[in-house]
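Chains as they are written, first to last, in full-length UniProt numbering: chain A, 1 to 98; chain B, 1 to 500; chain C, 1 to 513.
Beta carbons: idealized from backbone N, C-alpha and C, even for Gly.
Notes follow once the structure below has been shown.
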Amino acid sequence: MPTFTREEIEHLGDLARIALTDDEITRLQGELNVIAESIAKVQEVAGEDVPPTANPVPLEAYLRPDVAERPLTQEEALAAAPATESGMFVAPRILGEE
Amino acid sequence: MADKLMKYADAVSKFDPVFGLEVHVELSTNTKLFCPAHIEFGGEPNSQLTPVSLGLPGSLPVVNKTAIDYAVKLGLALHCEIAEWSQFARKNYFYPDMPRDYQISQYDKPLNGNGYLDVELDDGEIFRVQIERAHVEDDAGKNTHVGGADGRIEGADHSLCDYNRAGVPLVEIVTKPVEGAGERAPEIAGAYVRAIRDIVKALNISHARMEQGNMRADVNVSLRRNEGDPLGTRSETKNVNTFKGIEKTMAYEIRRQAAILDAGGEILQETRHWDESSQSTAGGRVKSDADDYRYFPDPDLVMVHVTSDHIEELAKQMPEMPRERRARLKSEWGFSDLEMRDAVNADALDLIEATVQAGAKASGARKWWMGELSREANARDLTLAELPITPEDVAQVEALIAKGSLNDKLAKQTVSGVLAGEGTPEEVVSKHGYQVVSDDGALLAAIDEAFAANPDIVEKLKAGNMKPMGAIIGSVMKATHGQADAKAVRSIVSEKIASL
Amino acid sequence: MTQQTELVTLSAAQMAEAINAGEVSSRELVEAQLAAIDAAEPSIQAFLQVSRDQALQQADDFDARRQSGDVDGLPELAGVPIAVKDMIVTKGIATTAASKILEGWIPPYDATVVRKLKHAGMPILGKTNLDEFAQGSSTEHSAYQTTHNPWDTSRVPGGSGGGSASAVAAFEAPLALGTDTGGSIRQPGALTGTVGVKPTYGGVSRFGAIAMASSLDQIGPVSRTVLDAALLHEVIGGYDERDSTSIPKPLGKLADAAREGQRQDLHGMRVGLVKEIGGEGFQPGVEARFREAVSALEAMGAEVVEVSCPHFSYSLGAYYIIMPSEVSSNLARYDGMRYGLRVMPPEGKAQTAANMMAATREQGFGDEVKRRIILGTYALSAGYYDAWYGSAQKVRTLIIRDFAQAFEQVDVLVSPTSPSTAFKFGEKMDDPLTMYLNDVATIPANLAGVPAMSIPAGLSDDGLPVGFQFFAPQMKDEVMYKPAAALEAALLEQQHGPIWQSMNTPWLDGLNK
């Protein structure tokens with residue numbers, strides 16, 4: 001049965017890029033443990049012989065022809081950006097470690 | 001802090017290098033992998049986007065058929081097993097150049113698996129590189145770092161993001177660990193990536209310009225004491241984008257790791273970067289569970305089905321592969337190993353072939369492209385193909401020489417004229433009035449003049465000392481402004497001396 | 001001149017008829033609906049955005065077109081106004097998914113369904129409220145406002161599509177679009193006494209539906225009658241090359257099936273009661289109305305049998321693995337780079353791109369969304385994938401098999417839509433698990449991709465509406481429209497009029513022109 005430690009929740013927050021507050025971590029820890037317990041049940045019936053289903057309706061991909069359509073204008077692309085410069089989106093400092 | 005390095009020869013005698021390469025090839029489709037935005041190098045930033053490639057809420061990917069066809073062709077060229085059913089998966093990680101903050105790639109069901117490529121080394125030896133997979137994925141945008149030194153990420157104040165490249169189709173070709181390369185590891189790595197470049201060019205599925213980032217490689221290297229030992233910890237040097245860089249990265253990593261291991265140290269599993277200016281790799285990020293990409297099948301995309309009939313149809317369209325073509329051309333042209341290798345390295349095969357097709361002899365075509373024109377390209381910092389002269393022009397010059405209308409000197413002047421934009425060789429010739437002087441009357445007059453001006457030389461020639469003949473020919477050529485046929489001059493002078 | 005109150009209480013089909021008969025213009029309908037919206041919104045708060053000018057313009061365009069006789073190829077509902085859940089992208093009209101992180105975002109493109117509405121000449125009244133990113137069962141998780149149930153404004157309208165359901169129930173719109181990932185169209189339908197349809201997965205294009213869980217999401221109709229839902233379903237459904245999960249086949253004859261059902265003859269139809277849905281946790285009043293409705297089906301000639309779907313009890317667990325997994329990935333793009341909110345890290349923290357993203361997502365997302373992202377991040381992470389995501393996908397196969405076996409025995413399956421009638425605000429907010437149980441009857445259809453719909457089945461002992469659910473086999477949506485329309489007609493006769501006759505609608509009193 002999975003139990004979430006504080007460190008795990010913090011780590012999940014990092015992976016999901018959410019700066020969780022201490023209170024949130026505490027609350028999530030409790031809630032997720034309850035939820036996890038109730039859903040762990042699925043493993044009971046997930047036998048080796050059962051194939052997984054990713055999409056409920058079995059289809060094969062439509063492959064589109066390599067023909068261009070009108071793109072967004074630069075103005076449209078940038079219209080909702082929090083910050084722009086020289087036709088580009090501005091990102092705060094990117095650390096090499098990222 | 002500078003790395004401690006062991007001498008290369010010592011490193012490869014003490015350790016056995018094992019390497020792996022992940023080569024990314026951008027496909028030259030008209031539109032992106034998952035949306036109909038036109039792809040063009042250069043162009044205004046953020047002007048080649050649809051809601052899909054900008055990652056707008058609600059947008060959905062739809063697979064480009066041509067990208068799949070190109071990737072199948074590449075798989076066939078690499079002797080891969082082509083999967084009739086393949087699947088796209090999401091690789092989840094956050095980065096400002098990723099419009100969706102996940103990459104759509106392939107994970108456990110790639111399009112191409114289990115192939116190999118025979119790589120020909122300079123001495124003609126063939127080395128087989130085993131290929132694990134060649135899967136399809138989409139590229140990210142490009143960040144420009146502002147406010148730091150020379151656009152580097154370190155010390156930059158902020159970055160500017162252009163998503164035009166986001167969504168460009170890539171094939172990532174992943175080798176199995178390459179063992180048994182020994183001291184030739186860097187050379188094999190370089191030759192392997194060149195071979196891939198030649199293949200994608202032959203298939204016409206990528207612009208394959210390293211300098212534009214159409215091809216880039218991640219270089220993995222590890223060392224072990226003896227062949228057959230378990231693999232050592234590897235370093236991964238990301239995004240190396242020159243052939244020389246790939247070879248140098250590998251040699252550097254072998255030397256660096258050897259020094260560490262020899263001193264009893266441990267290799268960190270990390271990603272590194274090749275720095276051209278310092279000619280060294282720099283440490284980056286240590287691999288950790290932050291690299292948990294949480295792959296899962298992309299629920300927006302269903303399985304891609306390539307029928308065996310379609311694979312067969314594509315197989316029929318495959319052109320001759322570069323190695324086979326080289327062997328054929330070498331024998332057709334009668335080139336030596338060295339001549340052939342030089343032509344290959346200078347990227348001159350297509351040009352020589354087209355020149356021959358336009359009627360020139362192979363030796364003549366080679367002489368121009370590998371001689372005068374190579375020097376010219378070097379001087380102008382252009383590739384041969386970028387020079388403003390066509391194979392047809394070169395063939396025309398050769399034809400004029402064969403006809404006797406141009407001598408070597410005039411031919412060079414004609415080529416210069418073509419390069420200067422003065423027109424076709426025939427136009428240049430007629431514009432400047434280039435013409436070998438074969439009119440005996442004018443020649444004889446010039447020779448008589450030369451004899452009269454150099455009586456002492458004439459005496460020597462009469463006495464059988466033929467050494468100063470050049471001086472006479474020289475002054476004749478000068479008098480005819482180089483338009484005389486030197487051979488004709490020589491034979492007339494000989495005849496005249498004999499008759500004196 | 002028809003009085004506005006009469007106009008807004010017409011069904012969509014009746015409005016269309018009136019347009020065709022030249023009795024009313026599209027503009028008059030839009031004006032009446034806008035008046036109803038103005039009157040109802042203070043107490044209902046179903047809309048996040050009313051697109052008054054665009055709606056009037058669209059109505060005028062349609063009326064002009066109709067006047068010139070250029071109506072060939074237009075669907076029956078042409079000219080009838082509609083509301084759109086704010087989970088669906090509308091060009092030029094702010095689209096927020098009821099999240100702070102998308103506040104003020106004006107899309108540069110239309111969803112395929114919105115394009116189809118525009119081609120059909122159906123004016124868009126505005127964007128309706130929802131739980132943030134469609135995550136919730138009460139619409140209390142909206143970052144902007146709480147939508148009230150018109151039956152009792154101290155109660156929730158259900159969720160996530162509480163805005164669309166309340167708007168239609170309160171006569172602010174005759175029709176609305178919803179999205180259904182685990183019951184977000186059907187459960188609010190049950191709680192507000194309206195009709196809600198989740199089509200076959202792939203039956204309606206998802207292009208332009210903001211993704212919550214891509215393999216479960218479907219856009220579908222919200223209406224007051226079964227026929228209206230069928231007519232709207234025909235407008236929005238069908239193949240779309242922009243959605244790779246769209247089914248490349250034509251839709252069935254949905255409206256024909258609904259009209260056939262109105263004749264109340266179900267001889268030859270086999271109806272299966274799902275043994276595993278009901279009992280513990282289901283309100284007695286809900287079960288009573290359900291049983292009466294089943295009797296009504298029998299009375300119309302349907303053969304009713306009990307059918308077992310043994311793996312349905314695992315569906316909630318599988319859903320709460322698959323859904324958050326896909327949510328965690330689909331909602332990654334809200335990172336403060338390209339659109340929407342950007343929050344810089346607090347002072348003292350490095351002002352980096354990574355920290356900006358983390359600060360933006362911390363402030364921009366509400367609790368429920370964060371909870372699901374974290375849970376999904378966990379379910380997909382290395383070492384847990386097989387046990388969690390892998391197992392859940394296997395359960396999905398088992399549920400598909402359960403449906404397949406059931407549909408070998410019967411034509412449609414039935415169950416109550418929701419275990420309870422509308423609950424009070426705040427009642428389930430502190431206990432996510434109890435909230436999740438609201439969807440226990442609706443989730444199996446999403447996991448299996450089968451069509452399902454909820455229609456009103458009268459009022460429970462508490463005077464609040466009860467929902468009755470039909471399921472049909474994949475790509476056979478028409479099969480459920482017939483018994484649904486039949487039951488609707490039978491209940492209408494039994495109760496001497498539509499269910500909403502029992503609803504107090506003070507906001508309609510002042511409407512008359």
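In the DSSP assignment, C:L130 falls outside any alpha helix (DSSP H) and carries neither an H nor an E. Taking a Cβ-Cβ cut-off of 9 Å, the neighbours of C:H311 in chain A comprise V45, given in sequence order. In the assembly as shown, C:S328 is a buried residue. Its beta-carbon has 16 or more other beta-carbons within 10 Å. Assigned with DSSP and collapsed to three states, C:A46 falls in coil, not helix or strand.
By the beta-carbon neighbour count (other beta carbons within 10 angstroms, threshold 16), C:G383 is exposed. About 10 Å separates the beta carbons of C:F407 and C:A448, which is beyond the 8 Å limit, so they are not a contact pair.
Using a 10 angstroms sphere on the CB of C:G268, the tally of other CB atoms stays under 16, which defines it as exposed. When B:I401, B:V219, B:Y93 are compared, the shortest CA-CA separation from A:L12 is found for B:Y93. For B:Y102, the residues of chain C that pass the 7 Å Cβ criterion are S329, A332, in the order they occur in the chain. Remark: C-beta atoms of C:L7 and C:V80 do not approach each other more closely than 9 Å.
Ranking B:P391, B:E312, B:V344 by CA distance to the CA of B:A365 puts B:P391 first. Taken atom to atom, the span from the alpha-carbon of B:D342 to that of B:G42 is near 32 Å. Burial state of A:T21 is exposed, judged by a 10 Å Cβ sphere holding fewer than 16 other Cβ atoms. Within its own chain, the residues whose Cβ lies closer than 6 Å to the Cβ of B:M303, once the five positions on either side in sequence are excluded, are W85, Q87, listed in chain order. CA-to-CA, the gap between B:I126 and B:Y116 works out to about 12 Å. In the three-state reduction of the DSSP assignment, C:R52 falls in the helix class. A Cβ-Cβ contact shorter than 9 Å links C:G390 with A:A46. For C:S502, the closest alpha carbon among the candidates C:G193, C:A230, C:G163 is that of C:G193. For the segment 46-77 of chain B, residues whose beta-carbon sits nearer than 8 Å to a beta-carbon of chain A comprise N46, S47, Q48, L49, T50, P51, L54, V62, V63, N64, K65, T66, A67, I68. Spanning the alpha carbons of B:A134 and B:N112 requires a straight line of approximately 5 Å.
Our two residues, B:V458 and B:V394, have alpha carbons roughly 40 Å apart in a direct line. Inter-residue distance for C:R342 and C:A359 is about 8 Å (C-alpha atoms, whole angstroms). The C-beta of A:T26 has fewer than 16 other C-beta atoms within 10 Å across all chains shown, which makes the residue exposed.
Proximity to B:Y163 across B:G155, B:D157, B:D138, B:V146 peaks at B:D138, based on C-alpha coordinates. By the 16-neighbour rule on beta-carbons within 10 angstroms, B:K73 is buried. Counting of Cβ neighbours within 10 angstroms places C:R333 among the buried residues, the total reaching 16 or more. DSSP places B:L21 in the uninterrupted beta strand (DSSP E) bounded by 16-26. Inclusion of C:F171 and C:T9 in the CB contact set at 9 Å is warranted, their separation being smaller than that value. At a cut-off of 9 Å between beta-carbon atoms, A:T3 makes no contact with chain C. Counting every other CB atom within 10 Å of its CB across the protein chains shown gives B:K487 a total below 16, marking it as exposed. Under the three-state reduction of DSSP, C:P221 is assigned to strand.
Membership of C:T192 in the alpha helix (DSSP H) is indicated by the continuous run 186-192. In the DSSP assignment, B:Y116 falls outside any alpha helix (DSSP H) and within the unbroken beta strand (DSSP E) covering 112-120.
At a C-beta separation below 8 Å, B:V302 has these neighbours in chain C: S244, T245. When 7 Å is used as the limit between beta carbons, B:D292 is near these residues of chain C: S381, A382, in chain order. Contact check for C:I88 against C:T96 fails: the beta carbons are separated by 9 Å or more.
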